[in-house]
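Asks: Note that UniProt numbering has the sequence shown beginning at 1, numbered continuously upward. For reference, the structure I am asking about is given below.
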Amino acid sequence: MVQIPKTPAPPSPAPSRSVPTSADVARLAGVSRATVSYVLNNTSAVRISEPTRRRVHQAAKELGYVPHAAARSLRAGHSRMVLIPAPTFPVGPLYSRFLTELQGSLAGLDYTVVQYGTGGPHGDEAARAWAELRPVAVLVPGSGLGPRGVAVLKRSGARAVVTLGPETIEGAHALLMDHDVVGHSAGAHLYDRGRRRIGVVVPQEPGLEAFSAPRLDGVRQSVRGTDATVTELPLAYDEQAAARLAARWRTLGLDAVFTYNDEYAMLLMRALLDEGIRIPEETAVVGADDLMLGRLLRPRLSTVHLELPCGRELAELVDRAVRKPTTEPETHKVLGAKVLHRESS
1 MVQIPKTPAP
11 PSPAPSRSVP
21 TSADVARLAG
31 VSRATVSYVL
41 NNTSAVRISE
51 PTRRRVHQAA
61 KELGYVPHAA
71 ARSLRAGHSR
81 MVLIPAPTFP
91 VGPLYSRFLT
101 ELQGSLAGLD
111 YTVVQYGTGG
121 PHGDEAARAW
131 AELRPVAVLV
141 PGSGLGPRGV
151 AVLKRSGARA
161 VVTLGPETIE
171 GAHALLMDHD
181 VVGHSAGAHL
191 YDRGRRRIGV
201 VVPQEPGLEA
211 FSAPRLDGVR
221 QSVRGTDATV
231 TELPLAYDEQ
241 AAARLAARWR
251 TLGLDAVFTY
261 NDEYAMLLMR
271 ALLDEGIRIP
281 EETAVVGADD
291 LMLGRLLRPR
301 LSTVHLELPC
311 GRELAELVDR
321 AVRKPTTEPE
331 THKVLGAKVL
341 HRESS
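In structure tokens:
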């Protein structure tokens, strides 16, 4: 009888290493657990010598110890998470730079920034999903959130709700960013340069209406009561759409155009030049955002430079609101604009 050798049993998994604790860090550093907590939580109320801080950080690094966020939140009575819902509109380099500065400033104040995706509900319904994460503060770009959503967030423990948009919301701190000043600056500049038949490019991309409509209105306000006219020019962000608009440009009788931003300016300028339309002799062009690429164009692009809120100042507003949640909501107008005149206008 032939015996079939038995298949050897798979080796037992090696026992997993236990998760390091603050007690392990304290033993290795030769300090108390309280000292470990003070050092790793950046507690300013207790003075810890610099050599002791270095020993604690070195021990934590050697052991791979990471503080438990939930336990820390329980001790503090709130989390250190600042939630920023991802914008529902396309963002460009300007907003990305602002967000990077803001995140760095919040991190410097010992907050953790979490960006929340755009999928799912919006507005007040989205606030319920944000509240499930129990953030200590929420920064909401754009519009859509209402007083009910603010109330939901505050009931869940959010000490500060800050909106960045064109209007104030009851119960929330507001950084007012009214984009009519962008269009007004562009329109006034073109009028002062002798242009009287001004076109305004309005993007057809979904989500940009909250910015494009005020910019269009700002141009109209800048020439109201004068002999100038303003023509709205819907435009998709693709070369074919720009080429079609450029092909009928001379029939429109325009001598200037404000293109919403620098990216649309570059798109349209290329199409106009391909049609043999001279810039700025036949048509002056002004963009917005002051992107580096605009300076590399020929002719160099005139643009509206946007003065966005300082990331550090916004981080300090969040921290102030978290530390004193019962104070009245603050409102600040934070968007400034000025035209940088270059060769295209």
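A virtual CB, placed ideally from N, CA and C, is assigned to each residue, including glycine. None of these values were measured; they are calculated from a predicted model.
Which class does R197 belong to by DSSP, given the choice of helix, strand or coil?
Replies: In the sequence shown, the residue the question calls residue 197 occupies position 197. The answer is strand: DSSP assigns R197 an E or B state.
Asks: Tell me whether A321 is buried or exposed, calling it buried when 16 or more other Cβ atoms sit within 10 Å of its Cβ.
Replies: Walking along the sequence shown from the start, residue 321 turns up at place 321. So A321 ends up on the buried side.
Asks: Below 8 Å, how does it come out for the region 169–178 and the region 195–205: are there three or more Cβ pairs, yes or no?
Replies: No: the two stretches stay apart, fewer than three of their Cβ pairs being nearer than 8 Å.
Asks: Out of H179, P299, D238, which one is the CA nearest neighbour of residue 347?
Replies: In this structure the chain extends from 1 to 345, so residue 347 is not present and cannot be described.
Asks: Starting from E307, follow the beta strand (DSSP E) in both directions and report where the run begins and ends.
Replies: For the purposes of this step, residue 307 is taken as residue 307 along the sequence shown, with counting starting at 1. Looking at the DSSP string, the run of the beta strand (DSSP E) that includes E307 is 302–307.
Asks: Could you tell me which of Y191, L235, W249 sits nearest to R223, measuring between CA atoms?
Replies: The residue labelled residue 223 in the question sits at position 223 within the sequence shown. Note on residue identity: the sequence assigns Val, not Arg, to residue 223. When each option's Cα is compared against that of V223, the closest is Y191.
Asks: Span of the alpha helix (DSSP H) holding L28?
Replies: Position 28 of the sequence shown, counted from the first residue, corresponds to residue 28. Unbroken alpha helix (DSSP H) run through L28: 22–29.
Asks: Identify which residue in R159, R148, R220 has its Cα closest to the Cα of L139.
Replies: Counted from its first residue, the sequence shown places residue 139 at position 139. If we check each option's Cα against that of L139, R159 comes out closest.
Asks: Could you tell me which of M177, V39, V230 sits nearest to V202, measuring between CA atoms?
Replies: Residue mapping note: residue 202 aligns to position 202 of the sequence shown, counting from 1. When each option's Cα is compared against that of V202, the closest is V230.
Asks: Could you give the DSSP three-state label for G253: helix, strand or coil?
Replies: The residue given as residue 253 occupies position 253 in the sequence shown. Coil at G253, not helix or strand.
Asks: What residue range is occupied by the uninterrupted beta strand (DSSP E) comprising P166?
Replies: Within the sequence shown, the letter at position 166 stands for residue 166. Taken as a continuous stretch (DSSP letters only), P166 belongs to no beta strand (DSSP E), as it is neither H nor E.
Asks: Would you please state the rounded distance, in angstroms, between the beta carbons of G225 and N261? I believe it to be under 8 Å.
Replies: Within the sequence shown, the letter at position 225 stands for residue 225. Within the sequence shown, the letter at position 261 stands for residue 261. Actually they are not in contact, since the Cβ atoms of G225 and N261 sit about 27 Å apart, beyond 8 Å.
Asks: Measuring straight from C-alpha to C-alpha, what distance separates E281 and R312?
Replies: Indexing the sequence shown from 1 puts residue 281 at position 281. Indexing the sequence shown from 1 puts residue 312 at position 312. Taking the straight line from one Cα to the other gives about 43 Å.
Asks: Under 8 Å by Cβ, that's how I've got P299 and I279 pegged, so tell me the actual separation to the nearest angstrom.
Replies: On the sequence shown, position 299 is the one that residue 299 refers to. On the sequence shown, position 279 is the one that residue 279 refers to. Between I279 and P299 the Cβ distance is about 6 Å, and since that is below 8 Å, they are a contact.
Asks: Out of D217, L176, G207, D255, state which residue places its alpha-carbon closest to the alpha-carbon of A236.
Replies: Here residue 236 is taken as the residue at index 236 of the sequence shown, counted from 1. Nearest C-alpha to A236: G207.
Asks: Below 8 Å on the Cβ atoms is my contact criterion, and I expect A127 with L153 to pass it. Report the Cβ-Cβ distance as a whole number of Å.
Replies: If you number the sequence shown from 1, residue 127 lands on position 127. If you number the sequence shown from 1, residue 153 lands on position 153. About 5 Å separates the two Cβ atoms, so the contact holds.
Asks: For S302, count the other beta carbons within 10 Å of its own beta carbon; 16 or more makes it buried, fewer makes it exposed. Which is it?
Replies: Locating residue 302 in the sequence shown gives position 302, where the first residue counts as 1. S302 should be labelled buried.
Asks: Look up G142 in the DSSP assignment and say whether it is helix, strand or coil.
Replies: Position 142 of the sequence shown, counted from the first residue, corresponds to residue 142. Correct three-state label for G142: coil.
Asks: Jot down the residue ranges of each uninterrupted beta strand (DSSP E) in the region 206–263, minimum 3 residues, whole runs only, in chain order.
Replies: With a minimum length of 3 residues, the continuous beta strand (DSSP E) runs that stay inside the region 206–263 are 229–235, 256–258.
Asks: For the region 182–189 against the region 239–247, are there 3 or more C-beta pairs whose distance is under 8 Å?
Replies: Contact between the region 182–189 and the region 239–247 is absent, because fewer than three Cβ pairs lie under 8 Å.
Asks: Taking the alpha carbon of S212 as the point to measure from, which residue in P67, V182, T283, L145 has its own alpha carbon closest?
Replies: Stepping through the sequence shown from its first residue, residue 212 is reached at position 212. Considering only alpha carbons, the answer is V182.
Asks: Evaluate A76 with the Cβ neighbour count: other Cβ atoms within 10 Å of its Cβ, from every protein chain shown; 16 or more gives buried, anything less gives exposed.
Replies: As a first step, residue 76 must be located in the sequence shown, where it is residue number 76. Residue placement at A76 cannot be trusted, given a pLDDT of 49 that sits under 50; what the coordinates show is reported in the next sentence. Flag for A76 reads exposed.
Asks: My understanding is that M81 touches V46, with C-beta atoms under 8 Å, so please give their C-beta distance in whole angstroms.
Replies: The residue labelled residue 81 in the question sits at position 81 within the sequence shown. The residue labelled residue 46 in the question sits at position 46 within the sequence shown. Actually they are not in contact, since the Cβ atoms of M81 and V46 sit about 24 Å apart, beyond 8 Å.
Asks: Can the beta-carbon of S37 be found closer than 9 Å to that of S18?
Replies: Walking along the sequence shown from the start, residue 37 turns up at place 37. Walking along the sequence shown from the start, residue 18 turns up at place 18. Not closer than 9 Å, so no.
Asks: Count the other CB atoms within 10 Å of the CB of T163; is the residue buried (16 or more) or exposed (fewer)?
Replies: On the sequence shown, position 163 is the one that residue 163 refers to. Per the 10 Å Cβ criterion, buried.
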